[in-house]
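Residue numbers (UniProt numbering): 1 to 178.
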């Protein structure tokens with residue numbers, strides 16, 4: 001119970017809901033530790049480390065709630081009113097948490113595409129034949145290797161018009177299957 005004791009001392013319902021939302025933002029990666037520590041005084045915490053610890057503990061609790069449905073009903077350590085607030089915030093943000101956990105699990109199996117960049121070049125000839133026109137597309141994929149450490153890797157490749165059309169079709173098919 002000691003790790004959740006801070007919640008019992010918060011009288012303002014709106015601040016409590018905001019703290020719970022901050023914890024979810026921390027869990028899904030929208031906020032980092034430095035951002036949370038800077039916001040501690042806004043919520044009445046005098047020690048940034050206490051606020052960070054409180055946010056981490058609630059983030060862990062929400063992760064457990066999402067991974068095990070039985071933990072949603074087993075919250076006897078909280079008062080009934082606090083249980084209701086925790087469940088309400090969880091219900092409102094459940095889809096975001098699930099999406100993050102799926103992405104996190106998928107990133108453990110293989111790198112995820114974070115972003116991409118492309119450019120098109122028109123080659124008007126080369127040394128072997130002056131009328132050899134080609135359209136070349138350079139694509140750079142930024143891959144997220146590990147969501148926790150935020151490490152990245154890049155893949156660069158060059159394709160022609162037919163290959164890029166095939167690439168786009170495969171991506172569209174993959175998106176339809178999701």
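All C-beta atoms, glycine included, are put in the ideal place defined by N, C-alpha and C.
Inclusion of residue 171 and residue 158 in the CB contact set at 8 Å is not warranted, their separation being larger than that value. Bounds of the alpha helix (DSSP H) holding residue 25 are 13 to 28. Straight through space, the alpha carbons of residue 23 and residue 85 are spaced by roughly 14 Å. Under the three-pair Cβ rule at 8 Å, the stretch 39 to 55 does not count as touching the stretch 115 to 122. Between the alpha carbons of residue 105 and residue 162 lies a distance of about 33 Å. Put simply, the backbone Cα of residue 95 is about 52 Å away from that of residue 132.
Closest in C-alpha terms to residue 116, from the list 26, 156, 100, 18, comes 156. By the neighbour-count definition (other C-beta atoms within 10 Å, threshold 16), residue 41 is an exposed residue.
In this structure, the CA atom of residue 109 is about 12 Å from the CA atom of residue 144.
Under the three-state reduction of DSSP output, residue 83 falls in the helix class.
Classified as buried, residue 61 has 16 or more neighbouring CB atoms from the shown chains inside 10 Å of its CB.
Just so you know, the alpha carbons of residue 57 and residue 152 end up roughly 27 Å apart. Residue 10 sits in coil when the DSSP states are folded into three classes, being neither helix nor strand. Secondary structure note for residue 124: it is in no alpha helix (DSSP H), with a DSSP letter that is neither H nor E. In the three-state reduction of the DSSP assignment, residue 114 falls in the strand class, which pools E and B. Per DSSP, the beta-bridge partners of residue 154 are 142.
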